[in-house]
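Student:
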Amino acid sequence: MPEEHVAERIKLEREARGWSTVTLAERMAEAGHVVNQSAIWRIESGKPRRRVNLDEAIGFCKVFDLTLEELSSPPGQLANPLVRRLIGEYVDRWKEWRALSKDMRRIQDDLKAYTDANPNQEDMVKGLFTHEMAVASNGEFHHHNAAPPKLRSYLGDRMNGPTDTN
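The opening position of the sequence shown corresponds to residue 789 in our numbering, with each subsequent residue numbered one higher.
(1) Kindly indicate which residue of VAL840, GLY847, ASP897, LYS835 has the alpha-carbon position closest to the one of HIS793.
(2) Tell me the DSSP secondary structure of ASN908 in three-state form.
(3) Which of the three DSSP states is assigned to THR953 in this structure?
(4) Drop a sphere of 10 angstroms on the beta-carbon of GLY915, count the other beta-carbons inside from all chains shown, and report buried for 16 or more, exposed for fewer.
(5) Who are the Cβ neighbours of PRO862 in its own chain at under 7 Å, not counting the five residues just before and after it?
(6) For a quick check, are the C-beta atoms of GLY806 and ARG873 less than 9 Å apart?
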């Protein structure tokens, strides 16, 4: 029965994210679909289970980033909760990384614009940048092959780290 599938999916999605019923209730409220914590518990575990109305179903879809079809899919189609949680964590970190990457590119562009406008400051800026990154990364910055090409191009030989003059 699809109503049972919805209840099981809500519980699976909540647990996969490591959320309590309180956290889910808060997320639902933030999405504009108020459902209190006890109602969520009754949906997931009540005997009999509380029914989910259409507005709530839409809210759960928003909060879990699911379609209505996915929300009501049979339990056999549900992924292992551990796998769903790990993938969810990875996707969250990826989104954060993308946002940070954009910020870092903007800062790199600002530094480049500064050194273009002040060419006599370029060596100081590049030296300070590589020093601070090397300190922050315990020396790993110089060996970081995944540095964006734009940054490698900007810093040039400094990306290769200090050379041994002996």
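Ideal Cβ positions, reconstructed from N, Cα and C, are used throughout, including at glycine.
Keep in mind that this is a model prediction, so the values were computed, not measured.
Tutor: With the structure as the only source:
(1) VAL840
(2) helix
(3) Its pLDDT being 45, under 50, THR953 is placed unreliably by the model, and the measurement read from it follows with that caveat. It is coil, neither helix nor strand.
(4) exposed
(5) HIS793
(6) yes
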